[in-house]
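Here's the structure, in structure tokens; my notes come after.
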Amino acid sequence: MSADEDEEEPYRDEDEVPDEGTALVVERYQEVHPDIFEDVQFPEDVVGETQQAWTAFIMGSKSKEAAGEALYAAIFDAAPSMQDLFRSPRSAMAMRFMNGLSNCINVAGNPKDLKIQVETLGFQHLDLEVTVPRVGIFVEAIEGLLEMELNRGFSANARHGLAAILNYIGGAFIFIRREYSGRINLLLSSWTDATRKALVDVDTAKQEDGLEEDVEEGEDVKKSLQEIDSAKRDQTAQGIQVPGSFNEMFLFNAAVMGFGASQWMKPILVQLDVMVMNVANSYRLQEECDVLSLLLSRYQGSILLSEFRAVVLASLRSLVPKGWDSEHEVAWNWFWENVERMLKANLSKKLQGKAAALEKLLSSLQPEEFLELRRGIYRKFFELAPAGQDFFKQSTARLYFIADKVIEMTVDMYHHPREMVENISALGLRHVGYAIPIELFAPFVSATVEVLRGLTTDDTAEEAFRWSLTLIGKILVRTTMEGSTIVMKAVNTNQEKALRRAIASVPRGLRAMELLNVAVGTQSISPLYWAIESGSLNVAKAMVIDLLTIRADRDNYYYGYDALFTRHPDIIRKLSIDAPDLQWPLLDGLIWRSRLTKEGVRRVNFYIKHLVQDAEGNLNQALEWLADAADPKVISHSVVVLFADLLWERLIIYQFLTGRLYFLFTLIIFVISQSASGAGTDLNRTAIFLCRCFVYLGSMCVLAASQIQPIVMDLRAGAVRRIYHVPVPESLCSLQEAGYLVLIFGLIIMCIEEPIFRCLGSSEEYGLFSSDCPQAAGHKEVYSVVAGLNTFLYWVLITDLSILSMRISAFVLVCLRVMAELGLFLLALCFLIFAFATSISTLKHGIPDFAGIGLAGMSLLSICLGIFPAEKFYDIEESIWVMLVVCSFLVLVGAFLLNLLVAQLNRAYSELFLDMQGYAR
Numbered sequence: 001m002s003a004d005e006d007e008e009e010p011y012r013d014e015d016e017v018p019d020e021g022t023a024l025v026v027e028r029y030q031e032v033h034p035d036i037f038e039d040v041q042f043p044e045d046v047v048g049e050t051q052q053a054w055t056a057f058i059m060g061s062k063s064k065e066a067a068g069e070a071l072y073a074a075i076f077d078a079a080p081s082m083q084d085l086f087r088s089p090r091s092a093m094a095m096r097f098m099n100g101l102s103n104c105i106n107v108a109g110n111p112k113d114l115k116i117q118v119e120t121l122g123f124q125h126l127d128l129e130v131t132v133p134r135v136g137i138f139v140e141a142i143e144g145l146l147e148m149e150l151n152r153g154f155s156a157n158a159r160h161g162l163a164a165i166l167n168y169i170g171g172a173f174i175f176i177r178r179e180y181s182g183r184i185n186l187l188l189s190s191w192t193d194a195t196r197k198a199l200v201d202v203d204t205a206k207q208e209d210g211l212e213e214d215v216e217e218g219e220d221v222k223k224s225l226q227e228i229d230s231a232k233r234d235q236t237a238q239g240i241q242v243p244g245s246f247n248e249m250f251l252f253n254a255a256v257m258g259f260g261a262s263q264w265m266k267p268i269l270v271q272l273d274v275m276v277m278n279v280a281n282s283y284r285l286q287e288e289c290d291v292l293s294l295l296l297s298r299y300q301g302s303i304l305l306s307e308f309r310a311v312v313l314a315s316l317r318s319l320v321p322k323g324w325d326s327e328h329e330v331a332w333n334w335f336w337e338n339v340e341r342m343l344k345a346n347l348s349k350k351l352q353g354k355a356a357a358l359e360k361l362l363s364s365l366q367p368e369e370f371l372e373l374r375r376g377i378y379r380k381f382f383e384l385a386p387a388g389q390d391f392f393k394q395s396t397a398r399l400y401f402i403a404d405k406v407i408e409m410t411v412d413m414y415h416h417p418r419e420m421v422e423n424i425s426a427l428g429l430r431h432v433g434y435a436i437p438i439e440l441f442a443p444f445v446s447a448t449v450e451v452l453r454g455l456t457t458d459d460t461a462e463e464a465f466r467w468s469l470t471l472i473g474k475i476l477v478r479t480t481m482e483g484s485t486i487v488m489k490a491v492n493t494n495q496e497k498a499l500r501r502a503i504a505s506v507p508r509g510l511r512a513m514e515l516l517n518v519a520v521g522t523q524s525i526s527p528l529y530w531a532i533e534s535g536s537l538n539v540a541k542a543m544v545i546d547l548l549t550i551r552a553d554r555d556n557y558y559y560g561y562d563a564l565f566t567r568h569p570d571i572i573r574k575l576s577i578d579a580p581d582l583q584w585p586l587l588d589g590l591i592w593r594s595r596l597t598k599e600g601v602r603r604v605n606f607y608i609k610h611l612v613q614d615a616e617g618n619l620n621q622a623l624e625w626l627a628d629a630a631d632p633k634v635i636s637h638s639v640v641v642l643f644a645d646l647l648w649e650r651l652i653i654y655q656f657l658t659g660r661l662y663f664l665f666t667l668i669i670f671v672i673s674q675s676a677s678g679a680g681t682d683l684n685r686t687a688i689f690l691c692r693c694f695v696y697l698g699s700m701c702v703l704a705a706s707q708i709q710p711i712v713m714d715l716r717a718g719a720v721r722r723i724y725h726v727p728v729p730e731s732l733c734s735l736q737e738a739g740y741l742v743l744i745f746g747l748i749i750m751c752i753e754e755p756i757f758r759c760l761g762s763s764e765e766y767g768l769f770s771s772d773c774p775q776a777a778g779h780k781e782v783y784s785v786v787a788g789l790n791t792f793l794y795w796v797l798i799t800d801l802s803i804l805s806m807r808i809s810a811f812v813l814v815c816l817r818v819m820a821e822l823g824l825f826l827l828a829l830c831f832l833i834f835a836f837a838t839s840i841s842t843l844k845h846g847i848p849d850f851a852g853i854g855l856a857g858m859s860l861l862s863i864c865l866g867i868f869p870a871e872k873f874y875d876i877e878e879s880i881w882v883m884l885v886v887c888s889f890l891v892l893v894g895a896f897l898l899n900l901l902v903a904q905l906n907r908a909y910s911e912l913f914l915d916m917q918g919y920a921r
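Here UniProt numbering is used: the first residue of the sequence shown is 1, the next is one more, and so on.
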């Protein structure tokens with residue numbers, strides 16, 4: 001390198017702490033020091049009083065968000081000249097102030113952690129021009145706010161401590177911006193060019209790179225460049241395409257430089273993009289290096305990280321030929337030196353050996369020790385953080401399960417780091433939905449490590465457990481912080497007003513994504529779905545309405561319809577199962593009505609594209625999901641009516657009619673084959689035989705094939721419902737499909753008992769296809785009964801043709817639904833007949849029609865049906881007791897039960913009348 005490493009080192013030695021007294025440190029930092037950025041040890045008493053004052057300020061507000069709003073207002077009003085710097089939404093900016101200051105004040109007693117925290121914030125403010133006067137304005141505004149809120153609770157030590165911390169932060173911002181901003185911008189811009197640009201002609205690019213020869217390099221790097229140039233010229237001469245992307249160019253250069261066998265470079269290459277893009281976030285960079293260390297620790301042999309740097313620089317020179325100069329070299333060398341330092345620190349710990357020690361420890365624990373470990377974790381955690389008890393209200397079994405998963409994750413982190421990072425990120429997003437404060441993660445980690453320490457004397461295993469669990473905690477904190485958007489916080493409150501305030505300042509074009517997607521790395525969570533799953537239906541309803549509101553901005557219109565169905569193609573099913581009340585706002589939002597009328601009518605637009613077809617152009621299942629929900633009012637919604645009729649008229653009706661008309665044809669053939677007389681000419685008997693053969697082959701076999709396939713598919717998929725503890729495939733759960741199955745068995749019985757088949761051997765004696773032979777005599781009765789039942793089933797199943805007329809279909813469905821009332825009436829009638837028949841049978845009388853329970857019951861039934869002979873009533877008069885019983889029966893049945901049936905039918909019809917169109921659909 002051409003620059004002196006000592007001059008380019010951005011940090012001081014971490015162990016270097018100012019040797020002046022800690023009390024003098026506070027006095028010193030009553031002013032801003034923009035020329036240094038060092039580890040600072042503030043006095044413990046001053047830090048303690050400052051933290052107490054800050055906590056009192058937060059507790060004195062309604063919430064942390066309210067405290068952030070107060071901070072924002074104080075700073076905004078105190079600095080009118082800087083109001084143009086407040087570009088983010090007010091609520092988002094307020095929470096940034098609150099989170100940033102809280103994190104710094106909480107670690108103010110730890111110089112190393114404070115420096116890292118301030119450094120991270122400084123990198124996030126590189127685009128802002130922070131000056132000493134502006135820092136003074138900020139400090140005065142915050143001091144004034146706390147003095148006004150706390151009054152006497154804001155002590156002199158707290159005031160001086162707060163001012164010292166804020167001045168330290170402000171000076172660090174100025175220092176970082178001056179020293180690092182240009183370097184980081186060079187890194188990001190060159191990396192963006194390298195990862196997006198395709199290299200067409202390397203030789204031309206090398207000629208344009210006029211500054212490359214001015215860079216002083218080591219002899220090994222120069223030799224590697226010469227080898228690369230020679231290889232590229234040879235390949236260009238041979239017509240070989242030179243790699244264009246960064247990854248391809250890296251692998252190409254690694255092979256040319258003799259590092260092709262260094263497989264340890266590939267995981268670094270995969271992780272390089274994330275590390276470069278987070279160069280300004282020291283916490284995230286350390287996290288990525290920790291994960292990368294786990295991957296590298298599994299490789300045997302030596303790992304020379306300087307070789308990776310040489311290949312990276314060679315690839316960057318090829319892919320970023322324009323503008324590459326010594327400043328780029330310095331920036332990339334600085335970046336890699338920091339990464340290399342972090343990686344070497346972890347690789348020196350021999351992580352895989354520690355993982356083995358941890359596994360050995362956990363496998364050696366006895367069941368009672370594991371039980372004590374689970375209990376001790378929560379006991380110690382609740383002692384360190386009493387507020388954590390509000391978030392662990394589950395059963396003991398569930399808490400033990402969480403503890404077991406935590407212990408399991410510490411081992412899996414060593415063996416499957418990439419997969420674990422993805423899983424932990426997803427878990428962190430769920431913690432966002434649970435509104436878990438990030439302040440609870442550190443006490444939980446400390447409690448777990450402390451409890452495990454009491455169960456072992458193996459320092460290596462303890463260190464392995466602590467290191468892994470700390471890394472897991474860092475990832476959880478990061479994902480929780482990144483995912484804690486103002487929308488997710490509004491979801492946790494379940495207040496429409498909070499949601500509207502959260503998205504009020506979001507640009508129109510970004511509102512949909514704010515409501516539908518919160519992404520952290522490769523993991524994402526939908527605020528809308530989380531609101532539905534967590535029961536925050538007020539916010540979920542407000543989200544749906546906001547998404548489906550058309551907004552105009554001059555010539556641009558914004559409508560979240562496409563974004564909603566693209567992000568959640570199964571939104572209809574989700575709402576029908578988990579939030580039926582939200583189906584109406586969703587469907588209403590798919591309609592636009594013009595405010596202008598023309599000739600008494602106005603234009604209406606229906607947006608039903610995503611209800612008809614999915615993203616791949618296939619038929620959408622929205623109609624099926626709505627039908628499964630069985631809500632007649634939703635089915636009758638104008639949007640559903642429109643797209644259901646569209647599908648019916650353009651697609652479904654042809655397939656439906658084909659199947660139904662064929663079934664009607666088989667019904668006609670069946671009736672002809674059973675109604676025609678078996679006697680007569682051979683031609684007549686032949687026609688009957690052919691009709692019955694068609695029924696068995698064209699109806700029975702076709703129905704069996706159509707029923708067996710879905711049953712087998714349901715059994716294979718495990719789609720089985722238990723009805724009275726009997727497993728039944730889902731395809732047979734509808735009455736119509738069950739009717740088809742009964743019809744199939746009926747036809748099978750008819751085929752087995754078929755008289756014509758029995759008489760085929762006696763055709764010479766009784767005629768061709770006769771059914772009157774002695775062999776068939778014992779089968780005719782069974783055959784005729786089953787044939788009668790099958791005929792009735794045929795007519796019942798053909799009633800679904802009524803769907804061709806919505807009015808007839810509604811009438812049929814109403815008839816079916818009031819059948820339950822008729823069934824109750826018949827059940828009550830049977831009970832009364834049996835009760836009165838047994839009563840009459842106990843009386844002494846000489847009436848033949850009432851002799852015994854059976855005859856008495858038949859007589860009472862005949863009286864109810866009005867078919868009892870009138871002259872036999874005179875016989876009843878012979879016994880006064882029988883006459884009284886019969887009269888009582890007539891009163892109960894005729895005056896009470898029949899009128900009750902009429903009332904029930906009337907009430908049932910009234911309830912169904914408004915919804916029968918929906919049921920018909």
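Cβ coordinates follow ideal geometry from the N, Cα and C atoms, glycine included.
Along the chain, where does the alpha helix (DSSP H) containing Ile-577 start, and where does it finish?
571–578
Segments of 4+ residues assigned as alpha helix (DSSP H) that fall wholly inside the region 639–721: 653–675, 682–694, 701–717
*Write down the C-beta distance between Arg-692 and Glu-624 rounded to the nearest angstrom, noting that I regard them as a contact closer than 8 Å.*
Actually they do not touch by this definition, with Cβ atoms about 38 Å apart.
Checklist line | Residues near Gly-218 in its chain [Cβ-Cβ closer than 6 Å; skip 5 each side] | finding: Low local confidence applies: a pLDDT of 41 at Gly-218 is under 50, so the model's placement there is unreliable, with the coordinate-based value given in what follows. Contacts found: none.
* From Tyr-766, Val-786, Asp-875, Arg-907, residue whose alpha carbon lies closest to that of Ala-820 -> Arg-907
* What do you get for Ala-280, buried or exposed, if any count of 16 or more other CB atoms within 10 angstroms of its CB means buried? -> buried
Using the Cα positions of Tyr-158 and Trp-54, report the straight-line distance between them to the nearest angstrom.
-> Inspection of the sequence shows that residue 158 is occupied by Ala rather than by Tyr. Approximately 9 Å between the Cα atoms of the pair.
Practice prompt. Give the DSSP bridge partners of Ala-519, in chain order.
Written response: Ser-524
- Do three or more CB pairs link the region 147–161 to the region 296–311 at distances below 8 Å? no
Discussion item. Give me the residue from Trp-332, Val-256, Arg-317, His-328 with the minimum Cα distance to Met-275.
Written reply: Trp-332
List, from N- to C-terminal side, the alpha helix (DSSP H) runs of 4 residues or more that fit wholly inside the region 585–633.
609–612, 622–629
Problem - Three-state class that DSSP yields for Asn-906 in the structure shown - result: helix
Through-space distance from Ile-525 to Arg-430, alpha-carbon basis: 8 Å
ask   = With C-beta atoms as the reference, is Leu-575 less than 7 Å away from Leu-582?
value = yes
- Message: Considering only the alpha carbon of each residue, which of Arg-721, Val-726, Gln-736 lies closest to Leu-703?
- Response: Gln-736
- request: Give the DSSP-derived three-state secondary structure of Pro-727 in the structure shown.
  value: strand
message: I believe Ser-61 touches Ala-70 by the beta-carbon criterion, under 8 Å. Please report the beta-carbon distance rounded to the nearest angstrom.
response: 6 Å
Any contact between the region 832–843 and the region 870–877? By contact I mean 3 or more CB pairs, one from each, below 8 Å.
no
For the ligand HEM, any of its heavy atoms closer than 6 Å to the Cβ of Ile-424? Among the components modelled here there is no ligand, and therefore nothing to report on the ligand HEM.
#### Entry: Buried or exposed by the 16-neighbour rule on C-beta atoms within 10 Å, applied to His-637
buried
Should Val-118 and Val-32 be called a contact, given that it needs their Cβ atoms to be closer than 7 Å? no
Checklist entry - If you scan the region 439–486 from start to end, which runs of the alpha helix (DSSP H) of 4 or more residues do you find wholly inside it? => result 441–453, 459–483
If you compare alpha carbons, which of Lys-393, Pro-367, Gln-366, Glu-368 is closest to Tyr-378?
Lys-393
Would you check if the distance between the CB atom of Ala-531 and the CB atom of Asn-492 is smaller than 7 Å?
no
Using beta-carbon positions only, say whether Asn-253 and Ala-314 come within less than 7 Å of one another. yes
Checklist entry - Taking all protein chains shown into account, do 16 or more other C-beta atoms lie within 10 angstroms of the C-beta of His-160, making it buried, or fewer, making it exposed? => result buried
TODO: List the whole-angstrom C-beta distance separating Leu-515 from Pro-527, where the pair is believed to meet the contact cut-off of C-beta under 8 Å.
DONE: 6 Å
- Item | Continuous alpha helix (DSSP H) assignments of at least 4 residues falling wholly in the region 58–120 | 64–78, 90–106
* Between Ile-608 and Val-639, which are expected to be in contact by the criterion C-beta below 8 Å, what is the C-beta distance as a whole number of angstroms? -> 6 Å
Measuring straight from C-alpha to C-alpha, what distance separates Leu-900 and Cys-864? 15 Å
Taking 8 Å as the limit between beta carbons, can you name the residues of its chain near Gln-495, skipping five residues before and five after? Asn-538, Val-539
- request: State buried or exposed for Gly-718, treating a residue as buried only when at least 16 other CB atoms are found within 10 Å of its CB.
  value: exposed
Practice item. Compute the beta-carbon to beta-carbon distance between Phe-689 and Ile-756, rounded to the nearest angstrom, for a pair I have assumed lies under 8 Å. Key: 6 Å
Cβ-Cβ separation, Asn-618 to His-610 (assumed contact under 8 Å), whole Å
Contact doesn't hold; Cβ gap of about 12 Å is too wide.
query: What are the boundary residues of the beta strand (DSSP E) that Tyr-558 is part of?
result: 556–558
* To the nearest whole angstrom, what separates the beta carbons of Thr-457 and Val-520, a pair I think is in contact under 8 Å? -> That belief does not hold up - the Cβ atoms of Thr-457 and Val-520 are roughly 39 Å apart, past 8 Å.
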